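Structure first, commentary second.
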Amino acid sequence: MIAKHIEKLAPSGIREFFDLVLGMPDVVSLGVGEPDFISPWRVREKAITALEEGLTSYTSNQGLFVLRQDIANHYKKKYALRYDPKKEIVITSGVSEAFDLAIRAISDPKDKIIVVSPHYVAYPALPEANGNKVLFLTTTQEENFKINPKVLSELVKKRPKAIILNYPCNPTGVSYCRGELKEIWKILSREEIVVISDEVYDELNYEGEHIPFSCLDKKAKERTILLNGFSKGYAMTGFRSGYACGNSKIISAITKIHAYSALCAPIVSQIASSEALRAQKEVAQMRVEYKRRRDFIVRELNNLGLDTVMPQGAFYCFPSLKKFKIKALDFAKKLLFEEKVAVVPGTAFGKQYDYNIRISYANTQENLKEAIIRIERVLSKLQ
Ligand SMILES: Cc1ncc(COP(=O)(O)O)c(C=O)c1O
13 MIAKHIEKLA PSGIREFFDL VLGMPDVVSL GVGEPDFISP WRVREKAITA
63 LEEGLTSYTS NQGLFVLRQD IANHYKKKYA LRYDPKKEIV ITSGVSEAFD
113 LAIRAISDPK DKIIVVSPHY VAYPALPEAN GNKVLFLTTT QEENFKINPK
163 VLSELVKKRP KAIILNYPCN PTGVSYCRGE LKEIWKILSR EEIVVISDEV
213 YDELNYEGEH IPFSCLDKKA KERTILLNGF SKGYAMTGFR SGYACGNSKI
263 ISAITKIHAY SALCAPIVSQ IASSEALRAQ KEVAQMRVEY KRRRDFIVRE
313 LNNLGLDTVM PQGAFYCFPS LKKFKIKALD FAKKLLFEEK VAVVPGTAFG
363 KQYDYNIRIS YANTQENLKE AIIRIERVLS KLQ
């Protein structure tokens, strides 16, 4: 009964591994890509009040105008980037939905889509489910997991319809400075390629400044679908709130599908999201804490011989097991069964990353310290 192309779709490598974790008590989980903080109180309070006031209806398909206005103001203030809340922003159920809609709005079956690896699990999956052909652009640890312009130039010759960018990146935490982004844009701007830029971790940037891809120039803004949301920086995963910004034609196409599939994002989540944009102090506090954890975990992993590129943002790092000559899945299973620490094997983010593991440091300092002790014990038995 299942469509052939859906049957062929690989299940998420993260879920597959976490089915093993389910039911195991006392596991220190460095696996899930979710903040360990709860949403700021003012956000929760706003949601409670909205319910008390009986705000339980649909909203317009595009989302509450006040939220779109707040997002437009946020981007104007933070990045000097202007989006018209009337025509250039649509509210979705998380970046996940925005990404799905963006792919469907801009591509026909068989269109080629460039996915930069290692990649977030949905990037190849949803285009494949849409009948697209995915072209992988592999980055390497030797090059700090950054896009190599020569490799990009070669792929662009294959006439892709779009490229998916994600920075700070899940699973490496790697980001790009303006100069690097300009070099990428110089290559992309020669062709008619749509840039889908998932910047859901923009608030969790610990070095330098985050540069939205749409900021590069007028043409880049015209060709970019900027995706963002409230799950990560605002610790609001359960609210399922995100948005897409872009030129009015694309946003109108995205809204058309959204109106038939989801109709609108939940009203309470939209009201809470407006409040979240006013919770910058709370966001800054979480950012400081993540940075402290990042500094600790990356230093300790490197000391243990697990070579780790310093992540600029998000809450992940992607250490290598090469020195220990053990594959990621074997190591992850050992770590889980012998020491009850859960990490995700790198192959969940691209099949060639079989010597890397993804560690999420969205966890308490005590748990991170404990995890390092247990990782060291497993490593010492390997030598
Ligand atoms: C890069 C990236 N994009 C999108 C998402 C999903 O975000 P949302 O909760 O807004 O759907 C995640 C979640 O892990 C992610 O890492």
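Going left to right, the sequence shown walks through residues 13 to 395 as the numbering used here numbers them.
Where a beta carbon is used, it is the ideal one built from N, C-alpha and C, also for glycine.
Keep in mind it's a predicted model, so treat the numbers as computed, not measured.
The straight-line gap separating the alpha-carbon atoms of GLU211 and LYS244 is approximately 10 angstroms. With contacts defined as CB atoms closer than 9 angstroms, GLY185 and PRO323 qualify as a contacting pair. When LEU67, ARG94, SER69 and THR68 are compared, the shortest CA-CA separation from ARG80 is found for ARG94. Secondary structure remark: continuous alpha helix (DSSP H) runs of at least 4 residues inside the segment 225-308, in chain order: 230-235, 260-273 and 279-288. A distance filter of 6 angstroms between CB atoms and the heavy atoms of ligand 1 selects the following residues in sequence order: GLY45, GLY106, VAL107, SER108, TYR132, ASN178, ASN182, ASP210, VAL212, GLY241, SER243, THR249 and GLY254. Within a 10 Å sphere around the beta-carbon of PHE330 sit 16 or more other beta-carbons, which makes this residue buried. Proximity to SER209 across ALA232, SER119 and TYR218 peaks at ALA232, based on C-alpha coordinates. Taken atom to atom, the span from the alpha-carbon of PHE251 to that of GLY241 is near 10 angstroms. In this structure, GLY75 sits near TYR255, with a CB-CB distance shorter than 9 angstroms. Note on geometry: alpha-carbon atoms of VAL390 and LYS345 lie some 11 angstroms from one another. Only residues of its own chain outside the window of five on either side were considered, and among them LYS352, VAL353, ALA354, ASN375, ASN379, GLU382, ALA383 and ARG386 have a CB closer than 8 angstroms to the CB of VAL40, listed in chain order. DSSP places ALA134 inside the alpha helix (DSSP H), whose first and last residues are 134-141. Going by beta carbons, LYS99 and ILE237 fall outside the 9 angstroms limit.
Taking each of ALA247, CYS189 and LYS230 in turn and checking the Cα distance to HIS222, the smallest one comes out for CYS189. The beta-carbon distance between ALA62 and VAL206, rounded to whole angstroms, is 35 angstroms. This is too long to meet the 8 angstroms contact definition.
In the DSSP annotation of this structure, the continuous segment of the alpha helix (DSSP H) that includes PHE349 starts and ends at 340-351. According to the DSSP assignment, LEU79 belongs to no beta strand (DSSP E) but to the alpha helix (DSSP H) extending over 77-91. When secondary structure is reduced to three states using DSSP, LEU63 falls in the helix class. The straight-line gap separating the alpha-carbon atoms of LYS122 and LYS145 is approximately 6 angstroms.
Selection ILE115, ASP112, ALA117 and THR150 evaluated against VAL128 yields THR150 as nearest (Cα-Cα).
LEU394 sits away from ARG299, with the two beta carbons spaced by 9 angstroms or more. By the criterion of a C-beta distance shorter than 8 angstroms, ILE199 is surrounded in its chain by PRO161, LEU164, SER165 and VAL168, once the five residues flanking it on both sides are discounted. Beyond the five residues adjoining it in sequence on each side, ARG116 comes within less than 7 angstroms, by CB distance, of ASN142 and ILE269 in the same chain, given in chain order.
The alpha-carbon separation between MET248 and ILE50 amounts to approximately 7 angstroms.
Taking the CA atoms as reference points, ILE176 sits about 21 angstroms from GLU46. Counting every other CB atom within 10 Å of its CB across the protein chains shown gives ILE14 a total below 16, marking it as exposed.
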